[in-house]
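Everything on this sheet refers to the single structure shown next.
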Amino acid sequence: MKHIIEQVAQVAGYLWQKGWAERNGGNISYNMSEFAPALNEIPAISEPIAIGLSVPKLAGGYFLVTGTGRRMRYVESAPMDNMSIIRILPDGQHYVIVAEKDIRPTSELPTHLLVHNFLQTEKPSNKAVIHTHPIELVAMSHNRAFLTKDVLTHLLWSMIPETRAFCPKGLGIVPYTLPGSVELAQKTLDELHDYDVVMWEKHGVVAVGPDAVEAFDRIDVLNKSAQIYRDARAMGFIPEGMSTDQMNELKQAFNL
Ligand code: 2HA
Ligand code: ZN
405 MKHIIEQVAQ VAGYLWQKGW AERNGGNISY NMSEFAPALN EIPAISEPIA
455 IGLSVPKLAG GYFLVTGTGR RMRYVESAPM DNMSIIRILP DGQHYVIVAE
505 KDIRPTSELP THLLVHNFLQ TEKPSNKAVI HTHPIELVAM SHNRAFLTKD
555 VLTHLLWSMI PETRAFCPKG LGIVPYTLPG SVELAQKTLD ELHDYDVVMW
605 EKHGVVAVGP DAVEAFDRID VLNKSAQIYR DARAMGFIPE GMSTDQMNEL
655 KQAFNL
């Protein structure tokens, strides 16, 4: 458990260093249900709180979650003053806080839990969910032409071979939706069937991964491509991008 808390704290620090986590921007959650036997012994320190939606597959499960209004830079320096561990109650519609302090979870909890509910059976090796505000990717979501399905995916893949190799499913797109809403959670889930990273138009991204570092890296490779695109445009030309032949060669060589 200590290792997981340390790793989530480390990744919170990366988000701040990248400039992706202004004020309280962004949030991280991690599925800690494997530690249920030990965590079951801990009494609740909050009353039952409604999730606002139903996550039946998570009943009895545990999640490490960054706190609402908390800053990523302080999640790094004082992890358990800025995160808590929650237990999902048997009804799948309420949770209680069990550790360490009564810190209320992120405003994006509906998305985090609905995504974990999906991962539980569809992508069980993925335990971490990150939401953050990567500057260049968010900037690109202000161009309507990039919001058509897979236009941005192919552009980003073509900027540098690593992006396709390490984010082989590309980038899903969710049209602008109110932050923290159940509607945003549901639309995110729809995209996660096909992608591991999803863009929230004019807001940020959500990524899943086996752990917090892997989820972070999926965003980082996509944003690196966005930076290369931006820099080429800033140098005064439209980047050529890798050719279709080069992309196909890569796909075969890396079995993508
Ligand atoms: O945690 O980023 O989307 C603050 C946010 C909400
Ligand atoms: Zn956000």
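Just remember that my numbering sits 404 ahead of the position in the sequence shown, which is counted from 1.
We put the beta carbon where it would ideally sit given N, CA and C, even for glycine.
Cβ distance (whole Å) where residue i is taken to contact residue j below 8 Å
| i | j | result |
| --- | --- | --- |
| E605 | P579 | 5 Å |
| Y466 | A440 | 6 Å |
| L588 | T581 | 4 Å |
| P514 | L457 | 6 Å |
Length of the line joining the Cα atoms of residue i and residue j
| i | j | result |
| --- | --- | --- |
| I455 | I408 | 24 Å |
| D554 | P483 | 37 Å |
| Q421 | K406 | 23 Å |
| N652 | E566 | 14 Å |
| N428 | E445 | 32 Å |
| L593 | Q656 | 29 Å |
| H681 | Y499 | Since the first residue of the chain shown is 405 and the last is 660, residue 681 is not available in this structure. |
| M544 | V609 | 12 Å |
| K628 | T648 | 20 Å |
| R548 | A630 | 16 Å |
| S433 | L560 | 26 Å |
| A616 | P494 | 27 Å |
| V542 | F658 | 28 Å |
| V601 | E480 | 23 Å |
| R474 | G584 | 15 Å |
| P452 | G464 | 13 Å |
| H689 | D485 | Here the chain has residues from 405 to 660 only, and residue 689 is not among them. |
Nonlocal neighbours in the same chain, by C-beta distance under 6 Å from residue i, ignoring five residues either side
| i | result |
| --- | --- |
| I577 | L551, M603 |
| G645 | S562 |
| C571 | R622, V625, L626 |
| M476 | A416, L419, W420, A425, G430 |
| V459 | G496, L517, N521 |
| S450 | V500, I501, D506 |
Neighbourhood of residue i by C-beta, 7 Å cutoff - its chain only, sequence neighbours within 5 removed
| i | result |
| --- | --- |
| T472 | R508, P509, T510, S511 |
| L468 | I408, I409, V412, S433, Y434, M436, M487, I489 |
Of the residues the options, the one placed nearest residue i, counting alpha carbons only
| i | options | result |
| --- | --- | --- |
| Y478 | G608, N431, L518, L588 | N431 |
| A425 | H516, T536, L575 | T536 |
| Q524 | V601, E410, H597, M476 | H597 |
| M436 | L593, T557, N530 | N530 |
| I492 | P538, L443, I534 | L443 |
| E438 | V586, M639, L462, T470 | L462 |
| A503 | T470, K527, S481, R474 | T470 |
Any non-hydrogen atom of the ligand FMN closer than 8 Å to residue i Cβ
| i | result |
| --- | --- |
| L596 | Looking for the ligand FMN in the displayed structure turns up nothing; the ligands present are the ligand 2HA and the ligand ZN. |
Other residues of its chain near residue i: CB distance less than 8 Å, five sequence neighbours each side excluded
| i | result |
| --- | --- |
| A636 | I642, P643 |
| L654 | P565, R568, A569, M646, L660 |
| V519 | V533, A589, T592, L593, L596, V610, V612 |
| Y633 | E540, M544, L559, L560, M563, P643 |
| A448 | R491, V500, I501, V502 |
| E618 | A532 |
Residues around the ligand ZN, please: the condition is that the C-beta lies closer than 7 Å to some non-hydrogen atom of it.
That query returns the following residues: G429, G430, E512, H535, H537, P583, H607, G608.
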